[in-house]
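Visitor: If you're matching them up, the sequences are chains A and B in order.
Basically this note's numbering = 1-based index in the first sequence + 266.
Basically this note's numbering = 1-based index in the second sequence + 13.
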Amino acid sequence: MVWLWGFFVLVLFFLLGEAIRVVAGLPISGGVIGMVLVTLKLMIRGDITDSLAAASQGLISVLVLLITPGVVGVFFIADQFSGQWLIVAVALVLGTLLSVATTLWLMSAVAKADEKGAGHE
Amino acid sequence: MSESNDWLTRLMDAWLSGPMLSIGLTLAAFIAAQWLFATFRRPLWMPPVLIAAVILAVIVWVSGIGLSEYQQGARWLTVLLGPATVALGVPLYQQMHHIRALWRPILFTLPVAATLAAGYALGIAWLMGASPLVLASLAPKSVTAPIAIGIANELGGSVSLTLGGLLITGVLASLFVEWLTRWLKITDERIIGFTLGLNGHAIATARAFEISPMAGAFSSLGMGLTGVFTALFLPLAFMLVS
């Protein structure tokens with residue numbers, strides 16, 4: 267049960283993230299706030315317990331499993347596109363293709379330029 | 014005949030009274046998907062999450078369980094997405110030296126790419142004459158689900174349409190990143206991971222962790238940063254445009 271303490275820590279940080287979201291009125295989810303807080307806590311601490319590492323590795327390894335029930339809904343939403351399904355389909359497919367291509371290109375270009383710049387310094 | 018039907022009805026009632034049938038089906042589909050994916054030599058166009066979802070959709074539809082009943086039971090699994098999102102902070106910390114080395118490209122790419130992730134789809138939909146409701150629902154399509162729901166509400170969109178667009182975007186982003194990185198011969202896992210998370214939120218992040226822990230950490234980073242950036246700036250931009 268080495269992961270139990272780690273799982274407890276993750277749940278605590280999730281609850282803490284939710285608390286901050288509600289109190290500060292942030293439009294960001296409690297999970298993401300908790301993720302940032304855990305990262306900061308670990309950076310301050312400078313190392314990580316075996317228990318937390320085991321718990322997070324366990325959860326991340328079943329991430330696909332946790333997402334699947336939501337993805338099933340894709341096959342049942344045709345009627346929600348309120349008669350505009352063609353527009354929605356084209357916008358999603360073309361828009362995602364373009365934005366993935368742009369991100370890849372931009373990130374590669376900037377990373378390359380950055381490396382060159384660092385080399386000159 | 015009627016007696017056996019009666020028996021079947023009572024069995025389904027018993028199975029559906031708790032979440033265990035949904036959990037069992039999800040586990041079975043997940044395991045079957047992993048096996049099929051390996052057996053068919055890892056087809057790029059059919060990631061495990063899509064195989065599992067197709068299997069479950071067919072079962073849910075044919076058996077007459079119904080989507081809402083299934084998803085209600087599966088909540089016992091999906092509720093773990095909360096602590097699982099927090100858990101993404103751990104690889105983020107473990108890969109921090111890689112992230113530090115790349116912080117300038119990340120900070121430069123983020124605002125442009127996150128804006129375009131929403132902008133392209135919105136522009137295309139607008140040109141094709143989409144209704145304001147559809148536009149508001151599509152705007153947060155690249156953001157992780159809990160954040161997207163909040164944005165859609167704020168913009169006056171339909172949450173169910175947003176979630177649909179979100180899921181499709183996540184699956185498409187995973188596919189397109191695979192195709193384009195092969196085509197463009199990009200092998201840097203930091204760039205692949207960041208692109209996955211920025212465009213395809215948690216679905217693509219799950220894919221990134223299948224590539225490597227480093228790709229997963231960069232995907233978590235891309236997902237988190239895009240979520241925060243979009244949540245802050247999209248409602249503002251939407252207000253200025255409309």
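Note that CB positions come from ideal geometry on N, CA and C, so glycine has one too.
1. Buried or exposed: where does ALA152/B fall if 16 or more other Cβ atoms within 10 Å of its Cβ makes it buried?
2. Straight-line CA distance for TRP271/A to ASP316/A?
3. Measuring only between beta-carbons, confirm whether GLU387/A sits less than 8 Å from chain B.
4. Which residues in the same chain as GLU387/A place their Cβ atom closer than 6 Å to its Cβ, once the five residues preceding and following it in sequence are excluded?
5. At a Cβ threshold of 8 Å, is ALA126/B touching chain A?
6. To which residues of the same chain is LEU49/B closer than 7 Å at the C-beta, ignoring the five residues directly before and after it?
7. Taking CB distances under 8 Å as the criterion, tell me whether GLY170/B reaches chain A.
8. Spell out a yes or no on whether the region 154-172 of chain B and the region 134-146 of chain B are touching, meaning 3 or more CB-CB pairs, one atom from each, closer than 8 Å.
9. With DSSP collapsed to three states, give me the class of TRP256/B.
10. Residues of chain B with CB under 7 Å from ASP316/A, in chain order?
11. Nearest to ALA244/B by CA position, among THR128/B, PRO145/B, ALA230/B, is which residue?
12. So, is the C-beta of ILE353/A closer than 8 Å to a C-beta in chain B?
13. Would ALA149/B and GLY177/B be called neighbours here (beta carbons separated by less than 8 Å)?
14. Give the DSSP-derived three-state secondary structure of GLY206/B in the structure shown.
15. Would DSSP call MET141/B helix, strand or coil?
16. Please identify the residue among VAL99/B, ILE72/B, THR175/B whose C-alpha is closest to the C-alpha of PHE468/A.
17. If you count every other CB in all the chains shown that lies within 10 Å of the CB of PRO118/B, and 16 or more means buried, which is it?
18. Using C-beta distances below 7 Å, list every residue in its chain close to GLY86/B, excluding the 5 sequence neighbours before and after it, in chain order.
19. Rank LEU101/B, ALA165/B, ALA219/B, MET109/B by C-alpha distance to the C-alpha of PHE456/A and give the top, closest one.
20. Would you mind sorting LEU276/A into buried or exposed? The rule is 16 or more other CB atoms within 10 Å of its CB.
21. Between VAL289/A and chain B, is there a C-beta pair that is closer than 8 Å?
22. Taking LYS382/A as the reference, which of LEU115/B, ALA130/B, ALA138/B has the closest Cα?
23. Determine, for VAL75/B, whether the minimum Cβ-Cβ distance to residues of chain A falls below 8 Å.
24. Any contact between the region 204-211 of chain B and the region 319-331 of chain A? By contact I mean 3 or more CB pairs, one from each, below 8 Å.
25. Verify the CB distance criterion: does GLN84/B have a CB-CB separation below 8 Å to chain A?
26. Please confirm whether ILE333/A has its beta-carbon closer than 8 Å to some beta-carbon of chain B.
27. Rounded C-beta distance between ILE314/A and VAL184/B? I'm assuming under 8 Å.
28. Leaving out five residues before and five after HIS111/B in sequence, what residues of the same chain have Cβ atoms less than 7 Å from its Cβ?
29. Check for me: the alpha helix (DSSP H) holding LYS307/A runs from which residue to which?
30. Please confirm whether ALA186/B and VAL354/A have their CB atoms less than 8 Å apart.
31. Please report the straight-line C-alpha distance between GLY296/A and LYS307/A, rounded to a whole angstrom.
32. Unbroken alpha helix (DSSP H) runs of length 4 or more, entirely within the region 50-118 of chain B: which are they?
33. SER233/B: buried (16+ other C-beta within 10 angstroms of its C-beta) or exposed?
34. Indicate the three-state DSSP secondary structure (helix, strand or coil) for ILE286/A in the structure shown.
35. Indicate the three-state DSSP secondary structure (helix, strand or coil) for ASP19/B in the structure shown.
36. Can you pull out the residues from the region 51-81 of chain B whose beta carbon lies closer than 7 Å to at least one beta carbon of chain A?
Guide: So, from the listed chains and residues:
1. buried
2. 10 Å
3. Per-residue confidence for GLU387/A stands at a pLDDT of 43, beneath the threshold of 50, marking its modelled position as unreliable; no derived number is given.
4. Low confidence applies here, because GLU387/A scores a pLDDT of 43, under 50, leaving its location unreliable; read the following figure in that light. So no residue of the chain qualifies.
5. Closer than 8 Å to some Cβ of chain A, the Cβ of ALA126/B qualifies, so yes.
6. Correct list, in chain order: ILE64.
7. no
8. Judged by Cβ distances under 8 Å, the region 154-172 of chain B makes contact with the region 134-146 of chain B, as three or more pairs qualify.
9. Lying outside 14 to 255, the shown extent of chain B, residue 256/B is not represented and no answer is given.
10. The premise fails here: ASP316/A is roughly 12 Å from chain B at the closest Cβ pair, so nothing lies under 7 Å.
11. THR128/B
12. By this cut-off, ILE353/A is an interface position.
13. no
14. helix
15. coil
16. Summary: the structure shown does not reach residue 468/A, with chain A confined to residues 267 through 387, and so no result is reported for it.
17. buried
18. PRO32, LEU34, SER35, ILE36
19. The structure shown does not extend to residue 456/A, since chain A is modelled only from 267 to 387, so the question has no answer here.
20. buried
21. Residue contact check for VAL289/A against chain B: no CB pair falls below 8 Å.
22. LEU115/B
23. no
24. no
25. yes
26. yes
27. Not a contact, Cβ separation roughly 32 Å.
28. ARG203, MET227
29. 296-311
30. no
31. 16 Å
32. 61-76, 80-91, 94-100, 102-107, 109-114
33. Residue burial is scored here from C-beta neighbours: SER233/B has at least 16 other C-beta atoms within 10 angstroms and is therefore classed as buried.
34. helix
35. In the structure shown, the three-state DSSP call for ASP19/B is helix.
36. The residues in question are PRO61, VAL62, ALA65, ALA66, LEU69, ALA70, VAL73, LEU80.
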